[in-house]
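Here is the structure we will look at.
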Amino acid sequence: MKHRGRHRRRRQGRALRAFLAGTALALTAAATMISASQATVGDNPGALTPLTRAAQTRPLTLQEQLVPQASLDELAARMGKPVGVHAVLESADRALRGGSDCTAGERAAALPVAPAATRAYCWDRAGTRAWRAGALTTSGDADDDGWWNDSRVILSGWSRAGADRGLARVAFVDAGDMGRLRYASALLVIPVDGGRDYRALASDLSGMVWYQDKLLVTTGDGLYVYDMHRVQRTTVTSAAVGRVKAGWSGAGQRFVLPAVGSYRLSGPGAVPRLGAVSLDRSTAPDSLVASERTAPGSEREARLWRYDFSADPARAGLLDTDATGAAPAVEAYATKASGVEGVLARRGPGGDRSDWYVGRAPGSTDRQGSLWRQDTEGAEATRCGSQDAPRCWGGKVGPLSYWEETGEVWSQSGRMLYALPLASIGEALG
Numbered sequence: 022m023k024h025r026g027r028h029r030r031r032r033q034g035r036a037l038r039a040f041l042a043g044t045a046l047a048l049t050a051a052a053t054m055i056s057a058s059q060a061t062v063g064d065n066p067g068a069l070t071p072l073t074r075a076a077q078t079r080p081l082t083l084q085e086q087l088v089p090q091a092s093l094d095e096l097a098a099r100m101g102k103p104v105g106v107h108a109v110l111e112s113a114d115r116a117l118r119g120g121s122d123c124t125a126g127e128r129a130a131a132l133p134v135a136p137a138a139t140r141a142y143c144w145d146r147a148g149t150r151a152w153r154a155g156a157l158t159t160s161g162d163a164d165d166d167g168w169w170n171d172s173r174v175i176l177s178g179w180s181r182a183g184a185d186r187g188l189a190r191v192a193f194v195d196a197g198d199m200g201r202l203r204y205a206s207a208l209l210v211i212p213v214d215g216g217r218d219y220r221a222l223a224s225d226l227s228g229m230v231w232y233q234d235k236l237l238v239t240t241g242d243g244l245y246v247y248d249m250h251r252v253q254r255t256t257v258t259s260a261a262v263g264r265v266k267a268g269w270s271g272a273g274q275r276f277v278l279p280a281v282g283s284y285r286l287s288g289p290g291a292v293p294r295l296g297a298v299s300l301d302r303s304t305a306p307d308s309l310v311a312s313e314r315t316a317p318g319s320e321r322e323a324r325l326w327r328y329d330f331s332a333d334p335a336r337a338g339l340l341d342t343d344a345t346g347a348a349p350a351v352e353a354y355a356t357k358a359s360g361v362e363g364v365l366a367r368r369g370p371g372g373d374r375s376d377w378y379v380g381r382a383p384g385s386t387d388r389q390g391s392l393w394r395q396d397t398e399g400a401e402a403t404r405c406g407s408q409d410a411p412r413c414w415g416g417k418v419g420p421l422s423y424w425e426e427t428g429e430v431w432s433q434s435g436r437m438l439y440a441l442p443l444a445s446i447g448e449a450l451g
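With this note's numbering applied, the sequence shown corresponds to residues 22 to 451, in that order.
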């Protein structure tokens, strides 16, 4: 998708990159000076093992199922014309605090020790109470110029915590002014009854990718697909979800985003539990990378793999499928890294080898998580402290999303949202 003002934005992007190169966020010592002596040496996951046999890759196949167009049209006819992303951003009335306004405890629990975050923010407690952060993507995924129409946007996925579970929502953060982030949220829903109603997406969110006009959201056994042009306004403020006597409700949210399709892991054999996902623009075509969710400290190997996105303009934002609607994994590996909560992949200049970055949750005796770069030859971790220890990532490891226009990796850990240059990760590897 091409947007207005692309050349103007590219000039702004160059200016922003120059600004980032000479600027770092001033964080208090409590955020970055966790004692290296408290960071234990984690197990090196070693080299990736390619999975090339059909019996190894078949369990990773996704089966596509799209919501009938008639159902989507029926819902829009009943709820009113969809409003899209701009309307959500216009209503953004909740603010994130800048990193210097976060408490020392918040920074120490969430931010990496090394490399240091160059941007950091804290979510407001009132707006996120009883919700847990679990996924992240940006308009840097949606388009390579980093813009969605005239907006720069961060999308943060949240799942309902506590007794009232079974809800998932996305916070639309207006990132046009990085010094003043504001947001509003939309509930993720699924059309039912031929588009005459909808229900909540009852799943924890572990990963999201916004590619072109589609948002792909990870559930345990697959992905749901949302069309960013189909945001709908609710008309009733109540705890209910769906059609109510007086109109349409979204569990207190002013907007809902109805699913337009899904992908389910359908292959035979040991089907993985899907965890993190991210976009890789270094491949041709662009691809979706995924990781298997395993428990921290598990001795079982996990899998890392990728799917191609479709190059068909009529299937913008959808995966490449065969005539039966199956999307096979086009590349897959086994890794000894356990507790993977974030994943990125980037091909080198030659295009024949990928570097895989995996964020690993802390083990039972660790205070910090770790970030490793793996390939088929070995693994390296970001290191810190006098002991050059690898436990240098956030205490609560979160998703990884690469904003190509600025060269930044975005993540969120607990109640904090932060970013740092991908180049700084390479410099911290040891």
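Note that the Cβ used here is the ideal one computed from N, Cα and C, for glycine as well. Note that the structure is predicted; figures quoted are calculated from it, not measured.
Straight-line Cα distance separating residue j from residue i
i             : j              : result
alanine 305   : cysteine 413   : 33 angstroms
threonine 240 : leucine 209    : 12 angstroms
leucine 443   : aspartate 165  : 16 angstroms
lysine 357    : valine 106     : 40 angstroms
proline 212   : serine 312     : 28 angstroms
alanine 192   : glycine 101    : 22 angstroms
aspartate 373 : alanine 189    : 38 angstroms
glycine 399   : glycine 67     : 5 angstroms
glycine 167   : glycine 187    : 32 angstroms
alanine 97    : tryptophan 231 : 22 angstroms
cysteine 143  : alanine 207    : 20 angstroms
glycine 126   : threonine 255  : 37 angstroms
alanine 355   : threonine 78   : 11 angstroms
leucine 169   : aspartate 198  : According to the sequence displayed, residue 169 carries tryptophan and not leucine. The alpha-carbon atoms of tryptophan 169 and aspartate 198 are separated by roughly 15 angstroms.
leucine 340   : aspartate 307  : 10 angstroms
proline 80    : aspartate 122  : 46 angstroms
glutamine 253 : valine 277     : 5 angstroms
aspartate 242 : alanine 366    : 21 angstroms
serine 177    : arginine 146   : 15 angstroms
valine 351    : alanine 76     : 14 angstroms
alanine 163   : proline 89     : 24 angstroms
glutamine 263 : alanine 280    : Looking at the sequence provided, one finds glycine at residue 263 rather than glutamine. Rounded to the nearest angstrom, the two C-alpha atoms are 13 angstroms apart.
glutamate 362 : valine 379     : 7 angstroms
alanine 47    : threonine 124  : Unreliable placement is indicated for alanine 47, whose pLDDT of 43 sits below 50; no coordinate value is reported for it.
asparagine 65 : arginine 74    : 26 angstroms
threonine 342 : arginine 302   : 19 angstroms
CB contact flag (residue i, residue j, <7 angstroms)
i              : j              : result
valine 430     : leucine 438    : no
tyrosine 328   : leucine 309    : yes
proline 103    : arginine 251   : yes
alanine 156    : methionine 249 : no
arginine 321   : proline 293    : no
leucine 69     : glutamine 389  : no
serine 385     : threonine 315  : no
leucine 244    : tyrosine 284   : yes
tryptophan 326 : alanine 353    : yes
alanine 221    : valine 109     : no
serine 432     : glycine 451    : no
alanine 131    : serine 434     : yes
alanine 337    : aspartate 234  : yes
tryptophan 424 : glycine 161    : yes
Cβ neighbours of residue i in the same chain (closer than 6 angstroms, five flanking residues each side left out)
i              : result
isoleucine 175 : Thr159, Val194 and Ala196
proline 349    : Thr82
arginine 203   : Ala113, Ala116 and Asp195
serine 259     : Ser270
alanine 8      : The shown model of the chain, from 22 to 451, leaves out residue 8, and the question about it has no answer.
serine 445     : Pro136
Whole-angstrom C-beta distance between residue j and residue i, which should lie under 8 angstroms
i              : j             : result
serine 375     : arginine 368  : 5 angstroms
glycine 282    : valine 246    : 4 angstroms
alanine 297    : valine 364    : 5 angstroms
proline 317    : proline 383   : 7 angstroms
tryptophan 179 : leucine 226   : 7 angstroms
serine 71      : threonine 397 : Per the sequence shown, the amino acid found at residue 71 is proline instead of serine. 6 angstroms between Cβ atoms; contact.
Other residues of its chain near residue i: CB distance less than 8 angstroms, five sequence neighbours each side excluded
i             : result
alanine 261   : Ser270 and Ala272
leucine 441   : Pro133, Pro136, Ala137, Ala138, Thr139, Arg140, Glu429 and Val430
serine 319    : Ser359 and Gly360
threonine 149 : Trp179 and Arg436
Own chain partners of residue i with C-beta closer than 7 angstroms, once the 5 adjacent residues on each side are dropped
i             : result
glycine 215   : Ser92 and Glu95
valine 257    : Val265, Ala267, Gly268, Trp269 and Ser270
arginine 181  : Ala151, Trp152, Gly187 and Leu188
arginine 173  : Ser160, Gly167, Ala196 and Gly197
glutamate 111 : none
beta-carbon residue i near the ligand ZN non-hydrogen atom, thresh 6 angstroms
i           : result
alanine 358 : Absence of the ligand ZN is noted for the structure shown, with no ligands found whatsoever.
Okay, do the region 396-415 and the region 115-129 touch, 3+ Cβ pairs below 8 angstroms being the bar?
Contact check between the region 396-415 and the region 115-129: fewer than three CB pairs, one atom from each, fall below 8 angstroms, which does not count as touching.
Should the region 282-291 be regarded as contacting the region 76-91, the criterion being three or more beta carbon pairs within less than 8 angstroms?
Yes, the region 282-291 touches the region 76-91.
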